[in-house]
Amino acid sequence: MIQLRKDTDQALLILTSLLKQKEGVLVSASAVAENLALPYPTVSKILKALHKYGLLNSVQGPKGGYTVTKACLQMSVGSVIEKIEGPIALTLCTSPHKQTCVSKDSCGIHPHMSVINRMVRGVLMQLPLQALIVPLKKAPKNEDIQAFWQQYFSMESNNFNEAIPR
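Using the working numbering, you'd call the opening residue of the sequence shown number 413 and step up by one each time.
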């Protein structure tokens, strides 16, 4: 199964929650944890990591909290995933790390896996993080999926702000 780690999934959830806030509004770690029904220690750890990665601003003190950075507003889903998990690689042979698959030279599917990996990574790198906060009434049917995602790829990030009810 191809699956994001739990902390990556939760980080995307936390980021989208903070992206929905009005610009400059600070949200405390405890408020994020409560709003998302996640354990406070988990949320606190992820918020600190996202701050370290430059995706969040942090203000200390009783009226402090977190808000997204300008860099975060320009991030893709793929970029966030790679900041947390490292390079997107579906198989060992598509990993940019110098790990070697023992079957690579005789493997009949390596070229195909390389193309598939580039396609999956390409979709995630093109998908703006802000696309995750646009409400969906229902998921598209399989035959409509290409048109569905094309609407996100064609949107300027400024248009996402107009599409989001605040």
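Even for Gly, the Cβ is constructed at its ideal location relative to N, Cα and C.
I need the DSSP call for residue 479, collapsed to helix, strand or coil. strand
Boundaries of the alpha helix (DSSP H) in which residue 546 is found, first to last residue: First-last for residue 546: undefined, no H or E at that position.
Inter-residue spacing [alpha-carbon to alpha-carbon] between residue 420 and residue 490:
Those two C-alpha atoms are separated by around 11 Å.
Which same chain residues end up closer than 6 Å to residue 459 when comparing Cβ atoms and leaving out the 5 residues on each side of it in sequence?
441 and 478
Item to complete: Drop a sphere of 10 angstroms on the beta-carbon of residue 437, count the other beta-carbons inside from all chains shown, and report buried for 16 or more, exposed for fewer.
Response: exposed
| field | Sequence-distant residues of the same chain with beta carbon closer than 8 Å to residue 496, five excluded per side | value | 417, 419, 420, 423, 461 and 465
What does the Cβ neighbour count give for residue 487, buried or exposed, with the cut at 16 atoms within 10 Å? Within a 10 Å sphere around the beta-carbon of residue 487 sit 16 or more other beta-carbons, which makes this residue buried.
Give a yes or no on whether the C-beta atoms belonging to residue 439 and residue 426 are separated by under 7 Å.
no
- request: Could you pull out every unbroken beta strand (DSSP E) segment of at least 3 residues lying fully inside the region 438-490, listed in chain order?
  value: 468-471 and 477-480
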